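Going by the working numbering, 198 is the number at position 176 of the sequence shown; the sequence numbering is gapless. Just so you know, even glycine gets a beta-carbon here, dropped at the ideal spot from N, CA and C. Remember, predicted model here, so these are calculated numbers, not experimental data. Inspection log for the structure reproduced underneath, given as structure tokens.
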Amino acid sequence: SEAVTAKLMSHLHYFDLIVGTEEEFHIAGGSTDTIAALRAVRAVSAATLVCKRGADGAVAFDGAVGDSLDEGQTGPGFPIEVFNVLGAGDGFMSGLLKGWLDGEAWPRALEYANACGAFAVSRHGCTPAYPSREELEFFLSRGVVQADLRNDQALEQVHWSTNRAFEHGGDFSQMRVFAFDHRMQLEEMPGYTLSKGGAFKELCLQAALQVQDGRPGYGILCDNRIGKRALHAASGTGLWIGRPCEWPGSRPLTLEPELGADCGGLRDWARENVVKVLVFAHPDDDAATWAQQLGQVKTLYASARRNRLEFLLEVIPSKVGPVTDETTRQLIERFYAEGIYPDWWKLEPMASHEGWAQACAAIEAHDRHTRGIVVLGLDAPEAELSASFEVAAGFDLVKGFAVGRTIFGSVAREWFAGQIGDEAAVTQMAQRYARLAGVWDRARSVAQTSGSKRAAQ
């Protein structure tokens, strides 16, 4: 249409960058000959012209338009599988604009553009398919390993871990978690009923909120079977919320029935709930035990990712067999080898510096974007936990603790027996939780001060 061309041509001199397909330049330039159309646009605009050529990539002209598209500046393309064309253009533009605004040369900007377009067409969805800066850099440095990018495990892990902050934001530099997801331990207490158990967990939540007082860095672990009211009441409070999936005490691992055989029950979870699973495992477990436990964890992990939920893996080897400085590291490496990349790890307290060093090194070697580690309690006395915190706090990857019975154990027994009331229960648990948070904070402060002194020396 001459009228459309004339209208467009009257505005093109306003722009510094003009991007279009060959067909779009044909409309703007009034010719089905691409070179002629580009030259017509160049006659009225000094803008850089970027012509998209489909499977042949794109070409940029920041000066005169040559006799062939091949005379322009180009960036490399990527041999990927086209799975979904929706959003390809916006993806291309995001990469191009990044390069242009960063002052990159046009070949580099076009490389960004082609890569971002490749991400869009090889994954499902539009905006969720686009890469983070770290992911883009990882992809460009490593190249295409498999054409269907959505099934490239390493790439997908970088995609998830560097984009999750947009959905799961918050300050996780310190983690002080009151864990009252216990089920079996409460059920075995004299005086327990399901109704009383739910009511007690609401008291636990009150204690947690009292200590949190609107500040970041506090959280809870709470189940849905006994603690349903407390769990759902916690949403929107600013607490980090972990929700267990394992059937208490099971080994080999079985999961709470409400999740379903394929863990499809996760689709009903609140986005802020972190999928937590406890596995009693040991490097010396036989092949059959490993196969069964890994199968369950893989199913749960895959469902968590499908439902865009963060995943916490808790491993306890000491209840299975003897533990050395190498034990936890070996378990960590085994799960990573199976393609399981937890957002969070929950680990037993280790008395030795070497044990923690090996565990942290194993995690960082496989996933430098991990959220980190929280230390579990195993019903240890406060003095014992304090000693373990002092060792763990020296490692930046350890963000804090997730402790339960040390805080609520004796209180629950007295409350179920009718020896104390609600107010006293909340007060006692809040005091213990606050005291334990203070122990961790002091241990971290001492460790950081010592680290600064060592660095200065």
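heavy atom of the ligand NAD below 7 Å from residue i C-beta
| i | result |
| --- | --- |
| D418 | Annotation note on the ligand NAD: not contained in the displayed structure, which lists no ligands. |
Sub-8 Å separation of residue i and residue j beta-carbons
| i | j | result |
| --- | --- | --- |
| W366 | M372 | no |
| L119 | F83 | no |
| I263 | C244 | yes |
| N329 | R289 | yes |
| G241 | L261 | yes |
| E103 | S67 | no |
| R327 | V296 | no |
| G460 | Q196 | no |
| F161 | L177 | yes |
| A137 | F105 | no |
| Q315 | V299 | no |
| E336 | T350 | no |
| V87 | I49 | no |
| L398 | T428 | no |
| A142 | A110 | yes |
| A384 | I354 | yes |
| E404 | L458 | yes |
| R198 | W437 | no |
| G51 | A69 | no |
Assigned exposure category for residue i - 16 Cβ within 10 Å defines buried
| i | result |
| --- | --- |
| A478 | At A478 the pLDDT is 43, less than 50, meaning the model places this residue with poor confidence; the figure from the coordinates comes in the next sentence. Exposed: under 16 other Cβ atoms inside 10 Å. |
| S163 | exposed |
| K475 | At K475, the pLDDT of 47 sits below 50, so the modelled position is not reliable; the number obtained from the coordinates is stated separately. Looking at its Cβ environment, which holds fewer than 16 other Cβ atoms inside 10 Å, K475 is exposed. |
| Q228 | buried |
| D174 | buried |
| H375 | exposed |
| T149 | exposed |
| L524 | Because the chain in this structure spans residues 23 to 479, residue 524 falls outside the shown range and cannot be described. |
| Y36 | exposed |
| S467 | exposed |
| A283 | exposed |
| S23 | exposed |
| R293 | exposed |
| G443 | exposed |
| S325 | buried |
| D203 | buried |
| A469 | buried |
Alpha-carbon spacing of residue i relative to residue j, whole angstroms
| i | j | result |
| --- | --- | --- |
| C73 | H33 | 18 Å |
| Q156 | S183 | Looking at the sequence provided, one finds Glu at residue 156 rather than Gln. Their backbone Cα atoms lie some 10 Å apart in a straight line. |
| T215 | A446 | 20 Å |
| G165 | A135 | 15 Å |
| L322 | C267 | 9 Å |
| I338 | K320 | 18 Å |
| M115 | R64 | 21 Å |
| L171 | G147 | 13 Å |
| C226 | V425 | 12 Å |
| W491 | A434 | The requested residue 491 does not occur in the structure, where the chain is confined to residues 23 to 479. |
| G79 | G249 | 55 Å |
| R75 | T96 | 11 Å |
| S217 | S154 | 46 Å |
| T54 | G394 | 57 Å |
| A415 | A201 | 19 Å |
| H190 | A221 | 29 Å |
| A151 | Q318 | 28 Å |
| Q207 | K223 | 13 Å |
| Q450 | V233 | 12 Å |
| R464 | T471 | 10 Å |
| A387 | L419 | 12 Å |
| E210 | L334 | 26 Å |
| G258 | R205 | 24 Å |
| P344 | D308 | 15 Å |
| Y358 | Q441 | 47 Å |
Segment limits, alpha helix (DSSP H) that includes residue i
| i | result |
| --- | --- |
| F114 | A110 to L123 |
| E422 | With the sequence shown as reference, residue 422 is identified as Gly, and Glu is not the correct amino acid for it. Counting along the chain, G422 falls outside any alpha helix (DSSP H), though it belongs to the beta strand (DSSP E) covering V420 to V425. |
| R198 | Segment M197 to A201 is the beta strand (DSSP E) holding R198; no alpha helix (DSSP H) there. |
| E336 | E336 -> not in any alpha helix (DSSP H); beta strand (DSSP E) instead, spanning F333 to V337. |
| I102 | Careful: I102 lies outside any alpha helix (DSSP H) and carries neither H nor E. |
| H204 | That residue, H204, is in no alpha helix (DSSP H); it is neither H nor E in DSSP. |
| K29 | E24 to M31 |
| H375 | H375 to H388 |
Host beta strand (DSSP E) of residue i (start-end)
| i | result |
| --- | --- |
| I49 | Note, I49: premise wrong, no beta strand (DSSP E); alpha helix (DSSP H) at E44 to G51. |
| T495 | Residue 495 lies beyond the residue range present for the chain, which begins at 23 and ends at 479; the question has no answer from this structure. |
| W366 | W366 to L369 |
| N295 | N295 to V301 |
| L322 | Run containing L322: none in the beta strand (DSSP E); it sits in the alpha helix (DSSP H), A309 to R328. |
| F83 | A80 to F83 |
| V397 | G394 to L398 |
>> Could you tell me which whole alpha helix (DSSP H) segments of length 4 or greater appear in the region 223-268?
In response: Annotation note: the region 223-268 contains the following uninterrupted alpha helix (DSSP H) runs of length 4 or greater, listed N- to C-terminal: 250-256.
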